[in-house]
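Take 2 as the starting number for the sequence shown in this note's numbering and just add one per residue. Just so it is clear, CB atoms sit at the ideal spot from N, CA and C, and this is done for glycine as well. Note that the structure is a prediction, hence the values are computed from the model and not measured.
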Amino acid sequence: MTSTRRLRRNPSFRNPTFFSTWLIWLVGFLAFPIAGLAGTAVGGRVSNPVAALIGGAVCGVVIGVGQVLVSRRRLDPLIWIPLTGIGMGVGLLLGSTVVNYRTTLAELALMGAITGIVLGAAQAVGLPPRTRRRWLWALGMAALWALGWTVTTLVGGNVEAQFTNFGAIGAVTVTALSGLLLHLLLPFHPASGVWLRSHPITSST
């Protein structure tokens with residue numbers, strides 16, 4: 002009798018590569034305030050449809066670039082970045098129009114949910130073919146974008162300035178949770194093919 006070991010990947014949160022991958026993704030929160038400033042600089046305050054569309058698109062492109070850089074090659078920049086720009090622009094246009102550009106907590110949460118569902122649907126299309134249940138990404142972004150605006154408002158962010166995106170605290174919250182969701186739908190596996198758990202197999206000779 003001889004014993005060999007069959008190795009397989011472990012996609013759970015106990016995966017030794019999970020924490021480092023999640024931390025790298027978390028650094029991507031820095032793209033959000035930069036994106037907000039860029040979107041506002043180009044489109045102005047989100048107070049009309051043109052500003053929402055243009056500012057949202059610029060904001061989305063910057064966020065998309067940031068997410069690609071911290072994705073550990075799970076996201077294709079040629080697909081993810083333009084889809085994020087389109088989704089963010091159209092989503093912010095629809096969301097801000099529905100709430101008539103008002104900035105109360107309830108209205109910003111609704112605007113965030115609408116922006117997030119459109120953005121998430123666009124990004125879901127851009128996820129790699131191996132992604133599991135990609136539709137969960139769209140639902141997740143709707144909830145997280147609403148949460149981002151809610152957190153920003155509750156901590157006293159200057160939401161009356163009508164920025165294209167929520168503030169840094171909201172960005173950290175959204176990035177941290179979206180990293181967990183991305184791991185569930187699209188786990189990172191080392192390019193070297195290192196396998197993460199082994200089980201003995203007994204065979205006769």
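Open item on the list: On the DSSP letters alone, give me the boundaries of the alpha helix (DSSP H) that Pro78 sits inside.
Closed with: Where Pro78 is concerned, the enclosing alpha helix (DSSP H) starts and stops at Pro78 to Val99.
- [ ] With distances taken Cα to Cα, identify the nearest neighbour of Ala53 among Pro130, Ala177 and Ala39.
- [x] Ala39
- [ ] Could you say which of Thr153, Leu93 and Gly127 lies nearest to Asn49 if we only look at CA atoms?
- [x] Leu93
Task: Assigned secondary structure, Thr165 (DSSP; H/G/I helix, E/B strand, else coil) - done: coil
Open item on the list: Suppose the cutoff is 6 Å on Cβ atoms and the five residues either side in sequence are ignored; what does the same chain contact list for Leu187 look like?
Closed with: Arg75 and Thr132
TODO: Would you kindly work out how many angstroms separate the C-alpha atoms of Ala32 and Gln68, rounded to a whole number?
DONE: 8 Å
- [ ] Could you please give the first and the last residue of the uninterrupted alpha helix (DSSP H) stretch that includes Gly67?
- [x] That run of the alpha helix (DSSP H) goes Pro50 to Leu70.
Task: Val173 in three-state terms, based on DSSP - done: helix
Open item on the list: Mapping the DSSP letters down to three states, classify Pro34 as helix, strand or coil.
Closed with: helix
- [ ] Would you mind reading off the limits of the alpha helix (DSSP H) that contains Val152?
- [x] Trp136 to Leu155
Task: Under 8 Å between C-beta atoms of Phe30 and Ala123 - done: no
- [ ] Could you tell me if Thr22 is buried or exposed, where buried requires 16 or more neighbouring beta carbons within 10 angstroms of its beta carbon?
- [x] buried
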